[in-house]
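If you read the sequence shown in the working numbering, its first letter stands for residue 1037, the second for the next number, and so on. Data first, discussion second: the structure below is written as C-alpha cells.
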Amino acid sequence: MQFIIHKNAGEATLKLEGETYHHIFQSRRTKKSESLHLRNLKDSNLYTYNITNLSKKDATLTLQSSQNTPLKNLPKGHLIWAMIDPKNIEKTLPFLNELNLQKITFFYAEYSQKNFKLNLERIQRILENSCEQCGRITLLEIEVLENLQEVLEKYPNAGVLDFGGEELKCSLEIPILVGTEGGFSPKEKEALKNNPKYTATSCNILRSETAAIYAIARVL
1037 MQFIIHKNAG
1047 EATLKLEGET
1057 YHHIFQSRRT
1067 KKSESLHLRN
1077 LKDSNLYTYN
1087 ITNLSKKDAT
1097 LTLQSSQNTP
1107 LKNLPKGHLI
1117 WAMIDPKNIE
1127 KTLPFLNELN
1137 LQKITFFYAE
1147 YSQKNFKLNL
1157 ERIQRILENS
1167 CEQCGRITLL
1177 EIEVLENLQE
1187 VLEKYPNAGV
1197 LDFGGEELKC
1207 SLEIPILVGT
1217 EGGFSPKEKE
1227 ALKNNPKYTA
1237 TSCNILRSET
1247 AAIYAIARVL
C-alpha cells in the first residue's frame, strides 16, 4: 500500500473507521507508533499523520506534515467499452487503472444484456483501492452512455478494435472502442463502417475484457 485515500486528508485531525480502519489496524497490524501517509485525490499533496488515539473501532489521526508531489505521469487514453457482465468489468478495472488510462466510456451495445448495471459507488471503491496499491494519484474517469449512437455523436472519430483491421498502433491518440463477447451487430458494423479499424494481429480470439486490456496496453 502506497498511501491511504481519505476524502478529508489535509485536515488537522481526522478519523479512520470502518473498512479502512480494519484493513490498516487489523489486517496490516499497523502500530500506534507508526506514521500514516494519506491522500484525498483532489490535490497533489501527500499528507503524513501521527496516530494519536487508537481504539477497537476507530483511530484518530493528527496532521504532522504535507508534501506537494507534482504529477509526473499524466493519465492518457480513452477506452470506449461495450457493457459486459459487471463482475468482469470490476475484475479488469485495477489493470486499466495501473496502466494509467485516463477515461472509460461504457455503453450498451446491441449484444449487451440490458439488465447489466454498473454500481458506480462500488467502482469508485475498486479504483481507490487500486490507486492505494499502485500509487496513482488521479482517479480514472468513468462515463456511461446509452448506446452506440450516443457514442458516435460524442466521439465520431473513435477507432474500433475488430477483425479485419490494421495492427493496433502505439501512441494512438483517438478513443478505442471494444465490443462485447459477440462483437458488433450488423447494424453497429454499418454505423462503424467509416471509423478506423484495428485488430490484434498476433492474438487468438479475445474475451471483451482481455481485448480492453490489450488495446490500452498497446496504445499507451
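Beta carbons are placed, not taken as given, at the ideal position from N, Cα and C, and that holds for glycine.
Item: Could you tell me whether the segment 1226-1233 touches the segment 1185-1194, where touching means 3 or more Cβ pairs closer than 8 Å?; Value: yes
Item: Any chance the segment 1202-1221 sits against the segment 1109-1128, with 3 or more Cβ pairs inside 8 Å?; Value: yes
Item: Is DSSP giving Ser1238 helix, strand or coil here?; Value: coil
Item: Let me know if His1058 comes out buried or exposed under the rule of 16 or more other beta-carbons within 10 Å of its beta-carbon.; Value: exposed
Item: Among Val1255, Thr1049 and Phe1143, which residue has its Cα nearest to the Cα of Asp1121?; Value: Phe1143
Item: Who does Val1180 pair with in a DSSP beta bridge?; Value: Phe1142
Item: For a test of the three-state rule: what should DSSP assign to Gln1103, helix, strand or coil?; Value: strand
Item: I'd like the list of long-range same chain contacts for Lys1223, defined as Cβ closer than 8 Å, with 5 residues on each side in sequence excluded.; Value: Glu1146
Item: How would you label Ile1173, buried or exposed, when you count the other beta carbons within 10 angstroms and need 16 or more for buried?; Value: buried
Item: So, for Asp1094: in the same chain, excluding its five sequence neighbours on each side, which residues have a beta-carbon less than 8 Å away from its beta-carbon?; Value: Lys1051, Leu1052, Glu1053 and Tyr1057
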